[in-house]
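Protein chains in written order, with the working numbering: chain A, 2 to 288; chain B, 13 to 329.
Spelled out as structure tokens, the structure:
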């Protein structure tokens, strides 16, 4: 894993990708800080980071588009597959490399609160916690970009699909507002989710009885809840989608106290998509 | 060292490999032959863990490749058909990466790096970016990658493909030398190359193993019982004389210049030869020459794969 991580990390700086990403991130960080903090005289760096989160919609595809299609293009996928490395090790190396580049970028943004403190009173704890949350948000989203990269045939496709996916994730909570709030709609959505989960379980396990049993149990639970307490199901869709939005989670902690659930959410998000990436790579080998 | 047991692999509705089984012993140099699309690359990808078989088992030095992949892959060095190189790295950076990925660090990595660059003759270009190297040197860097860490098994997919004649000779010598210290399995289209370099030949046709022997034995078996006769006399008379001997059949006959007929016969051993001699002498047809037919690997290959010269099929992915 370490060798892959080192190579991938260096790879970002053997091409322009790493430099373009850092330049892009720091340029936006500078512009946002100038406009929000300096021009408006606001010493809160959390506000700046909250506004800046949109850069991930462009930055994540830039960092992950090459991860797997680049190997397919150079045929180095065969090299990696023939090396004494586990698939999980390869995927983890490929995931941690852009996380490292992102860490470098956020580290370069770290002096900003110190600079702002020259002109006003800065809450350093809140500012650095927000910076940490900003980094965690990026690290979680990188796992999504990596999965798209593993599933895509070309860099262009990976960039395009990842960009579309990032837009969807970014606007998830806005889109959730359009969802119907009735209990019936929530119940039907839960049934749909149970069916989709059943499909996913079948895709992963190839076991129809297992998929039917689990999705049936989920559907049964939803029916029971609908029958017993309809009021609890009102607005469930919107609440559920908001709870699953990484951006919404990020905004919620800005300016607040350190929140362990944010760390757990982002780590779970990253673990889930990294797991799917390992699965996607393995599946390609077995196809 | 390598044992393939009942391998099957299909792509959509196309069967690429069908019930393929073979065993390669320690220190053997084995040539893997087959026309385009025969399943060579698919098989090599399966043997190196890059591709999983639909069913079957692969044992590397007794280790199941798909149950303990990391352990098994430590014993394998692989050069695919297109050398898998990172163009933005120098040859040295690339080899250091491969050494690290094989678990070699520090002095051990340094030692292996020096060995691999010396054996493949790339010391002069190791500071250059891979993208700027010629095809021949890229191939050498690919071979250096395959032998880095001194794996017991080296698998090379068409190592001389696309090289100029001089590079081809050099790489062939390199493969031969590798055979002194490693078990080598290499695929090739070039029959003379396989004959020159390998101890044993596996011939694959339409995903099936159709021959497994040394090149010499394959040629000998294919030519067994066949005689070449040059006889002074008319073609018609020569055919009649040959066919008058029980158990002899005429495989081909053609007339050379100056009234000499050239026959290839299927004759069973020395007794057949004696009877033929008597039959031709009895009809006053002087035998100018009689010798066993020497079949080349090319003929063996064409016969086993059922290919005609000039036929070409698409190689599998």
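Even for Gly, the Cβ is constructed at its ideal location relative to N, Cα and C.
Residue environment, residue i, which counts as buried when at least 16 other CB atoms sit within 10 Å
i                     : result
residue 32 (chain A)  : exposed
residue 215 (chain B) : buried
residue 189 (chain B) : exposed
residue 72 (chain A)  : buried
residue 237 (chain A) : buried
residue 321 (chain B) : Note that residue 321 (chain B) has pLDDT 43, beneath the 50 cutoff, so the model's placement of it is unreliable and no number is given.
residue 38 (chain A)  : buried
residue 157 (chain B) : buried
residue 102 (chain A) : buried
residue 69 (chain A)  : buried
residue 258 (chain B) : exposed
residue 24 (chain B)  : exposed
residue 78 (chain A)  : buried
residue 177 (chain B) : exposed
Where residue i sits in the DSSP three-state scheme
i                     : result
residue 172 (chain B) : coil
residue 34 (chain B)  : strand
residue 302 (chain B) : strand
residue 121 (chain A) : coil
residue 59 (chain B)  : helix
residue 77 (chain B)  : coil
residue 1 (chain A)   : Residue 1 (chain A) falls outside the range modelled here, since chain A spans only 2 to 288, and no answer is possible.
residue 195 (chain B) : strand
residue 183 (chain B) : helix
residue 245 (chain B) : coil
residue 273 (chain B) : strand
residue 260 (chain A) : coil
residue 186 (chain A) : helix
residue 311 (chain B) : helix
residue 265 (chain B) : strand
residue 234 (chain A) : helix
residue 167 (chain A) : helix
residue 294 (chain B) : helix
residue 159 (chain B) : helix
residue 52 (chain A)  : helix
residue 17 (chain A)  : coil
residue 188 (chain B) : helix
residue 241 (chain A) : helix
residue 62 (chain A)  : helix
Neighbour flag for residue i against chain E, beta carbons, 7 Å
i                     : result
residue 152 (chain B) : Looking for chain E here will not work: the only protein chains present are A and B.
Closest by C-alpha distance to residue i, when choosing among the options
i                     : options                    : result
residue 268 (chain A) : A:159, A:136, A:9, A:167   : A:136
residue 217 (chain A) : A:119, A:202, A:45, A:168  : A:202
residue 173 (chain B) : B:160, B:194, B:147, B:158 : B:147
residue 126 (chain A) : A:68, A:47, A:119          : A:47
residue 138 (chain B) : B:151, B:166, B:165, B:105 : B:105
residue 110 (chain A) : A:182, A:53, A:284         : A:53
residue 270 (chain A) : A:29, A:260, A:246         : A:246
residue 265 (chain A) : A:184, A:149, A:134        : A:134
residue 184 (chain A) : A:158, A:192, A:233        : A:233
residue 12 (chain A)  : B:100, B:237, B:220, B:305 : B:100
residue 261 (chain B) : B:65, B:270, B:231, B:278  : B:278
residue 271 (chain B) : B:131, B:292, B:289, B:247 : B:247
residue 35 (chain A)  : A:165, A:116, A:105        : A:116
residue 114 (chain B) : A:120, A:84, A:22, A:114   : A:84
residue 93 (chain A)  : A:199, A:114, A:10         : A:10
residue 88 (chain A)  : A:251, A:253, A:2, A:214   : A:2
Same chain, Cβ closer than 7 Å to residue i, five either side skipped, listed in chain order
i                     : result
residue 41 (chain B)  : 191, 196, 209, 210, 211
residue 243 (chain A) : 174, 177, 249
residue 187 (chain B) : 168, 171, 196, 198, 209
residue 223 (chain A) : 188, 191, 192, 195
residue 97 (chain B)  : 106, 142, 150, 153, 154
Residues that residue i bridges to, as DSSP identifies them
i                     : result
residue 238 (chain B) : B:278
residue 21 (chain B)  : B:29
residue 175 (chain A) : Answer by DSSP bridge pairing: none, since residue 175 (chain A) is not bridged.
residue 44 (chain B)  : B:199, B:214
residue 89 (chain B)  : B:166
residue 67 (chain B)  : B:20
residue 223 (chain B) : B:215
residue 14 (chain B)  : B:36, B:72
residue 141 (chain B) : B:102
Contacts around residue i, its chain only, beta-carbon distance under 8 Å, and the 5 residues preceding and following it disregarded
i                     : result
residue 25 (chain A)  : 56, 59, 60, 63
residue 45 (chain A)  : 38, 123, 124, 127, 128, 256
residue 175 (chain B) : 147, 148, 151, 183
residue 65 (chain A)  : 99, 143, 146, 147, 149, 150, 159, 163
Cβ shell of residue i (< 6 Å), same chain only, five flanking positions each side left out
i                     : result
residue 274 (chain B) : 242, 266, 268
residue 274 (chain A) : 144, 145, 148
Proximity test, residue i beta-carbon vs the ligand ZN heavy atom, cut-off 6 Å
i                    : result
residue 83 (chain B) : Annotation note on the ligand ZN: not contained in the displayed structure, which lists no ligands.
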